[in-house]
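Below is one structure, written out as structure tokens; comments come after it.
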Amino acid sequence: MAKQGIEVDGIAYSSISEASEQYYLNPKLIAGRLRSGWSTEEAFELVPRRKLEPNRRQSISVKVNGKLKSYSTIKEAADEYGIEPKLVRARLTNFNWTPEEALGIIDRDSKRIAHNRKEVKFSINGVDYHFLSITEAAKSQGLNEFLVFNRLNSRGWSIEQALELATPPAHTKKCYGYIYLIKNSINSKYYVGQTMSPVTKRWKSHVGLALKGKTKSKHTLSAAILRYGADAFDITIIDHADSINELNKLERYWIKELKTKYPDGYNLNRGGSGFSKGRSVALENLTFPSVSEAARAYGFKYTLVADRLRYGWTLEQAFELAPPPETHKFAGRKFTIKDSGNMLTFNSVGELASSYNLPTARVLQRLVKLNWTPEQAVGLVEPPKWVHPMHSFQLEINGKIRRFKSKAEAAAFHGFDRWETIRKRLSRGWTLEQSLGLETPPINKHATKVIDVEINGNKVKYSSMSKAAEANGVCFKRVSARLKLGWSYEEALEIRPRSKS
Numbered sequence: 176m177a178k179q180g181i182e183v184d185g186i187a188y189s190s191i192s193e194a195s196e197q198y199y200l201n202p203k204l205i206a207g208r209l210r211s212g213w214s215t216e217e218a219f220e221l222v223p224r225r226k227l228e229p230n231r232r233q234s235i236s237v238k239v240n241g242k243l244k245s246y247s248t249i250k251e252a253a254d255e256y257g258i259e260p261k262l263v264r265a266r267l268t269n270f271n272w273t274p275e276e277a278l279g280i281i282d283r284d285s286k287r288i289a290h291n292r293k294e295v296k297f298s299i300n301g302v303d304y305h306f307l308s309i310t311e312a313a314k315s316q317g318l319n320e321f322l323v324f325n326r327l328n329s330r331g332w333s334i335e336q337a338l339e340l341a342t343p344p345a346h347t348k349k350c351y352g353y354i355y356l357i358k359n360s361i362n363s364k365y366y367v368g369q370t371m372s373p374v375t376k377r378w379k380s381h382v383g384l385a386l387k388g389k390t391k392s393k394h395t396l397s398a399a400i401l402r403y404g405a406d407a408f409d410i411t412i413i414d415h416a417d418s419i420n421e422l423n424k425l426e427r428y429w430i431k432e433l434k435t436k437y438p439d440g441y442n443l444n445r446g447g448s449g450f451s452k453g454r455s456v457a458l459e460n461l462t463f464p465s466v467s468e469a470a471r472a473y474g475f476k477y478t479l480v481a482d483r484l485r486y487g488w489t490l491e492q493a494f495e496l497a498p499p500p501e502t503h504k505f506a507g508r509k510f511t512i513k514d515s516g517n518m519l520t521f522n523s524v525g526e527l528a529s530s531y532n533l534p535t536a537r538v539l540q541r542l543v544k545l546n547w548t549p550e551q552a553v554g555l556v557e558p559p560k561w562v563h564p565m566h567s568f569q570l571e572i573n574g575k576i577r578r579f580k581s582k583a584e585a586a587a588f589h590g591f592d593r594w595e596t597i598r599k600r601l602s603r604g605w606t607l608e609q610s611l612g613l614e615t616p617p618i619n620k621h622a623t624k625v626i627d628v629e630i631n632g633n634k635v636k637y638s639s640m641s642k643a644a645e646a647n648g649v650c651f652k653r654v655s656a657r658l659k660l661g662w663s664y665e666e667a668l669e670i671r672p673r674s675k676s
């Protein structure tokens, strides 16, 4: 299949891939945008994407004073009764309200039993419990109804365990992370998120990001916090996971189950894009567990950010907190080189590279990162003898410097399969010589801290913090986070209430 030529900003390119490389964008992303009807300027981010009104035509009929009145759209009905169209739509689709209730014509009948409502009956210690629904049972115990539903449907808990009237299953003693739900009390919109840190800390980062005022879309949670104020939102834990895969699956499940994706909620994607080995990143004094988490918080597509980082942009440049790199100066630039005594002119980096049967990305990297001349970049002139710092590594061992091509080579030289083993030893406080096996390792290299806590006036010892957390039925990560906030062992392990002082 022949390549499709394209003209961008007055410059002709032989293919979408060539043009994409010039503007440091993913070719698949550009092709998808063009197929979706974006203009060339919009697809290459030369101009902002024009806003399109979504097609939401849905007729609605209501009975007023015994007479049936019809409207061609929900918006038309909502405007007549002075209610936000999105709120009416949410009431109809998410909460099964009648059209009259959704438009405020009649009051909501809280006692009306829905077709799928399930009565709850059980007995504990001779006491009979009877509720009209699981929602009513959850509210009677001060629990979030979504949490109770999940415990019953996804976790296999009994109704007594789900309502915390009986001891939960043993497998719930440990957790990897949490799924939390943020609710806007003004318009009843939701946001579902995942976190491996305390939920209160995650909420503070949401508020901090909103106060930066740099959100890219008015549909994000940050924009809503700015509009309604932080006090208009409530955050609760609705689920927890034992692994990153489970955490991602649960986030996707709850976003779909609660219909929190835009335009019904504040989630801009289907969720579940976290990575277990993702490195934490810091932007504007805010820390995120991974690049994908930061992309979601700032309203960017992860693929766009990842492509920019792969092309050598800094983190701030990838999130448009700093001007783009100087490599943009090569977009559309003409190159004149001397080949066998002849002066040749090329209209772009892509044309220069293809003329010498070289990949465009390789020539561009030589020009930008290695600062080679065009003749050196295409192999007409011998390049300078220089080793990129990313491909050289040196260690100072016993006062002597030894150079290696890479960390992997340094590890292999000292008899290790990989550098990660050495790095972990260094992070535990070993010297370089000890980490490389050249000196005796430190005493108690695997020692753990013994924990002493007081329970009912008696001193109890645990061999580690994880053992203490497991024995007291508290999530280890939660205990660790509380200790970092200055809580005592007894408070962190919920042996005694937190002091208010």
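If you want our numbering, it's the 1-based position in the sequence shown plus 175.
From the three backbone atoms N, C-alpha and C, an ideal C-beta is built for every residue, glycine too.
All of these numbers come straight from a predicted model, not from anything done at the bench.
Within 10 angstroms of the beta-carbon of G352 lie 16 or more other beta-carbons, which makes it buried.
In the structure shown, the three-state DSSP call for A470 is helix.
Looking at F510, A587, Y531, R578, the one whose alpha-carbon comes closest to that of P549 is F510.
Between L458 and L484, the CB-CB gap reaches or exceeds 8 Å. For S530, the uninterrupted alpha helix (DSSP H) run begins and ends at 524-530, by DSSP. Here Q369 is bridged, per DSSP, to I354.
In chain order, V237, K238, I281 place their CB closer than 7 Å to the CB of E275, counting only its own chain and leaving out the 5 sequence neighbours on each side.
Just measuring C-alpha positions, the residue of E665, I400, L386, Y531 sitting nearest I357 is I400.
In the assembly as shown, D417 is an exposed residue. Its beta-carbon has fewer than 16 other beta-carbons within 10 Å.
Between the alpha carbons of K436 and G241 lies a distance of about 37 Å.
In this structure, S523 and Q197 form a Cβ contact; the two beta carbons are roughly 7 Å apart against a cut-off of 8 Å. In the assembly as shown, G446 is a buried residue. Its beta-carbon has 16 or more other beta-carbons within 10 Å. The DSSP assignment places complete alpha helix (DSSP H) segments of no fewer than 4 residues inside the stretch 543-617 at 549-552, 582-588, 594-602, 607-610, in order along the chain. Secondary structure of V480 (DSSP, three-state): helix. Between R377 and T370, the alpha-carbon positions lie close to 7 Å from each other.
Where I205 is concerned, there is no enclosing beta strand (DSSP E), although the alpha helix (DSSP H) around it starts and stops at 202-210. Following the DSSP letters along the chain, one finds I334 in no beta strand (DSSP E) but inside the alpha helix (DSSP H) bounded by residues 334-337. By a beta-carbon distance limit of 8 Å, T375 does not contact Y441. Their separation comes to about 19 Å.
By alpha-carbon distance to L340, the top candidate from G180, K659, A644, G317 is G317. Secondary structure at L425: helix, using DSSP grouped into helix, strand and coil. From the listed residues R537, A277, V263, D414, the smallest Cα separation to E193 is found for R537.
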